[in-house]
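As structure tokens, the structure follows; a few thoughts come after it.
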Amino acid sequence: MTRAQKPTGYDAEQIQVLKGLEAVRRRPSMYIGSTGSRGLHHLVYEVVDNSVDEALAGHCDRIELIIHPDDSVTVKDNGRGIPVDLHPTERIPGVELALTVLHAGGKFDKTSYKVSGGLHGVGISVVNALSERLEVCVDRGGERHHMAFERGETSKKLNVTGRAKGTGTIVRFKPDSRIFAETRLDFTILANRLRELAFLNKGLTIELADERPDSKRQEAYCYRGGLVQFVEWLNQNRKPLHPKPITIETVKEDVDIQLALQYDAGYTENTLTFVNNISTHEGGTHLTGFKAALTRTINEYAKKSGALKKADFTLSGDDVREGLTAVLSIKLREPQFEGQTKTKLGNGEVEGIVKSVVNDLLGTYLEEHPPVARAIVEKACSAALAREAARKARELVRKKSGLDGGILPGKLADCSLDDPTLCEIYLVEGDSAGGSAKQGRDRSFQAILPLRGKILNVQKARIDKILSNEEIRTIITAIGTNVGEEFKVEDARYHKIIIMTDADVDGAHIRTLLLTFFYKEMKQLIDAGYIYIAQPPLFRVAKGKEEYYAYDEAERDDYVNRLANFASPVASSSDGEGASEGDGRAGGRRGVVIQRYKGLGEMTPGQLWKTTMDPATRTILKVEMEDAFEASQLFETLMGDEVEPRRKFIEEHARFVKNLDV
Ligand code: 0RA
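To convert a position in the sequence shown, counted from 1, into the numbering used here, add 51.
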């Protein structure tokens with residue numbers, strides 16, 4: 052709307068206002084993304100962001116949140132307070148303007164770092180429009196001012212309710228249950244974002260109190276160390292290569308740049324980037340500049356220090372980011388957000404600015420800290436060597452594979468059919484179980500590959516090491532797809548790859564390792580639904596010629612009771628071993644025999660077929676990868692240095708396999 056058309060009377064102004072907020076109520080998703088949980092929490096972020104803007108402008112160092120029992124939220128800050136005087140051209144109080152006019156937030160103050168675009172920064176009026184009720188208190192000029200709204204419409208005009216000591220703003224709002232299907236806020240979701248904000252804004256105190264009776268709790272975040280503490284927090288479960296994160300803080304051409312980074316002994320990269328406190332998941336020009344500078348600076352140091360003298364290669368970006376945890380947070384005046392989810396920074400000028408700053412300051416840092424620099428360069432060089440070795444190993448696998456005219460592994464008992472859609476391969480733990488499986492199988496469509504326990508050693512290895520492991524190479528060759536860049540899902544020789552391990556800790560270990568390997572190097576096999584886990588029984592319960600196989604203790608006890616002709620139930624001891632057997636086999640109650648299978652090898656070929664391999668009667672679990680992010684987190688746990696989370700994961704292993712009857 053141009054100036055000339057703009058209505059000038061107060062009433063006309065009000066009509067425009069109501070139209071604006073009505074538009075928000077009619078199509079809330081346009082403004083807050085969704086009316087689900089994300090949108091609901093977004094309302095809180097919107098209000099908090101306004102307080103953080105005050106902090107960024109240097110006028111606020113404390114923000115308090117309260118989640119009330121009625122699902123309303125209070126956000127309180129000690130900033131300057133939203134202006135209460137009449138706006139010179141709009142002729143309504145500033146606070147009313149901010150709460151009733153779309154995008155009015157920036158109209159007062161163009162000097163601070165404000166957000167434009169993205170989901171954030173839509174303005175506090177959107178929160179008002181989507182709240183059953185909203186109340187605002189402003190302490191300013193020695194007075195407390197109050198105003199209230201219902202579904203965006205003024206219910207109590209601005210008035211002075213008393214005296215005020217300092218300055219600040221309190222906003223309390225209750226998300227509208229007519230708009231949001233669920234109005235219950237999640238403490239953890241809010242806590243994570245508020246903690247992140249506290250890391251990103253050094254020295255800012257953020258308190259969160261939950262006053263709902265069923266989830267009463269309180270947390271406070273304040274980090275004097277800012278991003279350094281953020282990186283330390285991210286790295287809490289890792290082994291750092293150098294004791295303190297490297298940090299850069301500067302302002303160049305009006306762009307505030309903060310960076311903290313630390314390397315650990317692992318192989319994964321974890322770089323988080325933010326623009327004006329908003330996470331830029333999709334990266335953008337700031338990330339590009341940072342990566343370019345990191346690669347350049349480390350290569351330069353490596354050359355100067357002589358580490359790369361003999362080697363005739365340069366360190367790649369992947370090499371210098373192996374084991375890196377970094378947080379890059381920049382603030383600038385007019386960010387442009389692009390990409391699918393508007394989380395990619397588009398401002399072209401930022402790339403060069405970040406690049407030159409990181410080049411300069413990281414270069415200086417490395418010069419001044421030779422031990423840290425050496426550790427990083429060494430790490431990157433070893434990553435480069437590993438990458439080269441991995442390439443060669445993959446080549447080797449390719450050359451040895453059937454496709455290149457090579458031979459299939461000698462240990463593989465292949466099936467006779469050629470059609471991969473009909474064929475299955477069992478990866479079987481141990482030679483003895485492998486032998487039973489070979490004898491018990493239907494050789495027309497079932498192939499057997501026995502594995503030895505050795506592969507356990509590669510659990511924490513890099514890919515070149517993994518590929519130098521013979522068992523792994525045998526698996527790859529048998530499956531026929533190759534790995535890494537040469538992987539081709541259409542070359543799979545079997546459309547069911549069934550992991551069959553003992554039901555003990557070693558078995559779980561081997562299964563975990565194989566899944567980790569498939570996840571890292573042959574992910575598409577999981578996507579394609581080709582990976583399965585066999586379900587051998589744990590018990591055989593028999594009386595005379597009648598026999599049953601049980602897959603857990605409860606089932607075992609059922610069968611025992613059935614066979615004992617409904618005699619008194621068999622007592623279960625607390626270790627879960629149940630009935631009366633000693634070392635696995637014993638005469639139970641009234642002639643009932645319970646056999647506990649300690650390993651697959653204890654089953655006869657006939658039993659193995661009947662219980663675990665016959666498609667007509669077996670159960671196999673398909674390995675699913677519904678949520679790649681969560682999966683990678685789980686695998687991170689498995690591959691990481693900490694033992695405890697890994698042990699826990701193995702115990703809860705069933706979480707990422709889904710029951711599927713085939
Ligand atoms: C516009 C201008 C000024 C402050 C604010 C808005 C402001 C908004 C919110 C929202 C929550 N807390 C807030 N605190 C401040 C600056 C006014 C001045 O110059 O004093």
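Quick reminder that beta carbons are idealized off the backbone N, C-alpha and C, glycines included. Given the structure is predicted, the values throughout are model-derived calculations rather than measurements.
Handout entry: Among I240, E304, R492, nearest to G403 - alpha-carbon criterion
Key = Closest by alpha carbon: E304.
Problem - Residue burial classification, D553 (beta-carbon count within 10 angstroms, cutoff 16) - result: With 16 or more neighbouring CB atoms inside 10 Å of its own CB, D553 falls in the buried class.
Practice task
Flag P144 as yes when its Cβ comes closer than 8 Å to any non-hydrogen atom of the ligand 0RA, and as no otherwise.
Solution key: Incorrect: P144 has no Cβ contact closer than 8 Å to the ligand 0RA.
Exercise for the section: Would you tell me roughly how many angstroms separate the C-alpha atoms of Y380 and V189, rounded to the nearest one? Expected result: The sequence as given places Ser at residue 380; Tyr does not occur at that position. Rounded to whole angstroms, S380 to V189 spans 31 Å at the Cα level.
Problem - Span separating the alpha-carbon of L137 from that of G145 - result: Cα to Cα, the separation comes out at about 6 Å.
Problem - For Y581 and L459, the rounded distance between their alpha carbons - result: Approximately 20 Å between the Cα atoms of the pair.
Exercise for the section: For A605, verify whether its CB is less than 8 Å away from any heavy atom of the ligand 0RA. Expected result: No; taking the cut-off as 8 Å, the Cβ of A605 has no heavy atom of the ligand 0RA nearer than that.
Handout entry: CA-to-CA distance, T140 to K57, given in whole angstroms
Key = The predicted position of K57 is uncertain, since its pLDDT is 45 and thus under 50; no value can be drawn from it.
Practice task
Flag I113 as yes when its Cβ comes closer than 8 Å to any non-hydrogen atom of the ligand 0RA, and as no otherwise.
Solution key: Looking at the sequence shown, residue 113 is not Ile but Arg. Remark: the shortest separation between the CB of R113 and any heavy atom of the ligand 0RA does not fall under 8 Å.
Practice task
Below 8 Å on the Cβ atoms is my guess for P666 versus G491; work out the distance and round it to an integer in Å.
Solution key: Rounded, the Cβ-Cβ distance is 13 Å, inconsistent with contact.
Exercise for the section: Could you check if T472 is buried or exposed, using at least 16 other CB atoms within 10 Å of its CB as the buried criterion? Expected result: With fewer than 16 Cβ atoms within 10 Å of its Cβ, T472 is classed as exposed.
Handout entry: Cβ neighbour criterion (16 or more within 10 Å) applied to L396
Key = So L396 ends up on the buried side.
Practice task
Check D678 in the structure and name its three-state DSSP category.
Solution key: Low confidence applies to D678: its pLDDT is 35, below 50, so where it sits in the model is not reliable, and the reading given next is rough at best. Coil at D678, not helix or strand.
Practice task
Grab me the residues of Q684's own chain with a C-beta within less than 8 Å of its C-beta, minus the 5 sequence neighbours each way, in chain order.
Solution key: Low local confidence applies: a pLDDT of 49 at Q684 is under 50, so the model's placement there is unreliable, with the coordinate-based value given in what follows. In the same chain as Q684, and ignoring 5 residues on each side of it, no C-beta atom comes closer than 8 Å to its own.
Practice task
Please determine if the segment 584 to 593 and the segment 543 to 558 are in contact, where contact requires at least 3 C-beta pairs separated by less than 8 Å.
Solution key: Touching, yes, given that three or more Cβ pairs across the two stretches are closer than 8 Å.
Problem - Close beta carbons around H546, own chain, < 6 Å, minus the five adjacent residues each side - result: Excluding residues within five positions, the ones whose Cβ falls inside 6 Å are P471, T472, Y581.
Practice task
May I have the straight-line CA-CA distance separating T86 from R78, to the nearest angstrom?
Solution key: Cα atoms of T86 and R78: separation of roughly 10 Å, rounded to the nearest angstrom.
Practice task
Report whether the distance from the Cβ of V177 to the nearest heavy atom of the ligand 0RA is below 8 Å.
Solution key: Incorrect: V177 has no Cβ contact closer than 8 Å to the ligand 0RA.
Practice task
Mind checking who L259 pairs with in its DSSP beta bridge?
Solution key: As computed with DSSP, L259 is found in a beta bridge with L116, E270.
Exercise for the section: Flag this pair as yes or no: are the beta carbons of A316 and P296 separated by less than 9 Å? Expected result: For A316 and P296, no; Cβs fall outside 9 Å.
Problem - Nonlocal neighbours in the same chain, by C-beta distance under 7 Å from L566, ignoring five residues either side - result: Here the set comprises V674.
Problem - C-alpha gap between E475 and G535, whole angstroms - result: In a straight line, the C-alpha of E475 is about 23 Å away from that of G535.
Practice task
Pull up the distance between the alpha-carbon of P120 and that of E389, whole angstroms please.
Solution key: So the two alpha carbons sit approximately 38 Å from each other.
Handout entry: Near the ligand 0RA: D190 beta-carbon under 8 Å from a heavy atom
Key = Not under cutoff, so the answer is no.
Exercise for the section: Check the C-beta distance from K225 over to S176 and give it rounded, since I have them as a contact under 8 Å. Expected result: That pair is no contact at about 16 Å.
Practice task
Please state if the CB of N328 and the CB of L251 are separated by a distance shorter than 9 Å.
Solution key: Yes.
Practice task
Work out the CA separation of N321 and S624 for me, nearest whole Å.
Solution key: Bear in mind that a pLDDT of 39 at S624, under 50, signals an unreliable position, so the number given afterwards is only what the model happens to contain. Put simply, the backbone Cα of S624 is about 47 Å away from that of N321.
Exercise for the section: State the Cα-Cα distance for the pair R442 and L366, rounded to the nearest angstrom. Expected result: So the two alpha carbons sit approximately 15 Å from each other.
Handout entry: Closest residue to L116 among R223, E419, A424 (Cα-Cα distance)
Key = Measuring from the Cα of L116, the nearest candidate turns out to be R223.
Practice task
Classify G629 as helix, strand or coil using the three-state DSSP reduction.
Solution key: At G629, the pLDDT of 39 sits below 50, so the modelled position is not reliable and the matter cannot be decided from this model.
Handout entry: 7 Å Cβ shell around I349 - same chain, five flanking residues per side excluded
Key = Contacts found: L366, V371, I427, V428, A431.
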